[in-house]
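Novice: Counting in UniProt numbering, the sequence shown runs from 1 upward without gaps.
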Amino acid sequence: MIALRPGPLTRIAALAAHCDDIAIGAGGTLLTICAARPGLRVDALVLSGGGTEREEEERAALAAFCPGADLRLTVGKLPDGRLPAHWEEAKAAVEELRACGDPDLLLAPNRADAHQDHRGLAELVPTAFRNHLALGYEIAKWDGDLGRPSIYQPLADEVAEEKVALLLRHYPSQRHRPWYDREAFLGLARLRGIECHARYAEAFHVTKLTLDLEN
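Rendered as C-alpha cells:
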C-alpha cells in the first residue's frame, strides 16, 4: 500500500445528516487525528436532532471523539428522513459552515450512500466546498450499500476498541437497533483493515484528488 500524506492539518470539518453518523463513519479517524494534533480545530455540522436527547448525546460523544481539539458543533433541527424536502435549509446550513473558514480536510457522507439524507448531504458538500479534500465515510445498513472504497485510514487496535466503546457509551438511544453492536462496528473495521494490510481501518470514498509529484 502506498501512503499519501496531506499537508499540515490545522482545521477539519465533519458533516452528517444525523447524530452518530460522524462517529460511526469516521470516529476512529477523528481519534487518530486529534491525538496527533492537540488544539486542532474541528467544525462539525449535524443537520438533525437539535433540541432533543440526540443532540445531548452528540455533544458528549464528539467531545470524546475529538480529545484536545477546539470542537465547534452545530446541530440543526431538520426532520429525520426528510432532507430532500428541506433542501434549502440543508444547503443554507452547509454554506454557513463554509463561511466559517477553510478546512484542510472534510469528513462527510459519500454519494453512493443509500440513505436519502446521507446521499443528499453528500451532494451538497461540493456545492459549497469546491476545492477541498473531502473523504466520504461509510455506514453499514440494511440497504447493503457498502461498496469499494479507495481511501483507508488504518486504526491502531486500541483506537478501534475505543471507538466501539465510545459508540456504545454515548448513544444509548440507539442501543435497541439490531445492527448497533460491537460485532458490526469491529467487523467492518476488520474487513477494511484486511483490504489495506492492517488489522483495523476506516474506509472512505473520494471523488476528486490531485497529486503534487513535483515536491
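Positions of the beta carbon are idealized from the N, C-alpha and C atoms, including for glycine.
Can you give me the C-alpha to C-alpha distance between V159 and L168, rounded to a whole angstrom?
Specialist: Their backbone Cα atoms lie some 14 Å apart in a straight line.
Novice: Hey, would you say R199 sits closer than 8 Å to P103, going by beta carbons?
Specialist: no
Novice: With DSSP as the reference, label F129 as helix, strand or coil.
Specialist: coil
Novice: May I ask you to verify whether the region 34-47 touches the region 133-153, counting CB pairs closer than 8 Å and requiring at least 3?
Specialist: no
Novice: If I'm right that L9 touches L40 with Cβ under 8 Å, what's the distance once you round it to whole angstroms?
Specialist: Rounded to the nearest angstrom, the Cβ distance from L9 to L40 is 7 Å, consistent with a contact under 8 Å.
Novice: In whole angstroms, what is the alpha-carbon distance linking A165 and D117?
Specialist: 26 Å
Novice: When the Cα of A201 is compared with those of H18, A13, L15 and T32, which residue comes out closest?
Specialist: T32
Novice: Using the C-alpha atoms, what's the distance from E96 back to C19?
Specialist: 19 Å
Novice: Please report the straight-line C-alpha distance between W179 and L213, rounded to a whole angstrom.
Specialist: Spanning the alpha carbons of W179 and L213 requires a straight line of approximately 43 Å.
Novice: Helix or strand or just coil, what does DSSP make of L107?
Specialist: Strand, per DSSP.
Novice: For T29, report the span of its alpha helix (DSSP H) as first-last.
Specialist: D21 to A36
Novice: Buried or exposed for S48, please, with buried defined as at least 16 other CB atoms from any protein chain shown within 10 angstroms of its CB.
Specialist: buried
Novice: Could you check if E195 is buried or exposed, using at least 16 other CB atoms within 10 Å of its CB as the buried criterion?
Specialist: Exposed.
Novice: Take the Cβ of H86 as the centre, count every other Cβ of all protein chains shown within 10 Å, and call the residue buried at 16 or more, exposed below.
Specialist: buried
Novice: For the alpha helix (DSSP H) containing A61, name the first residue and the last one.
Specialist: E53 to F65
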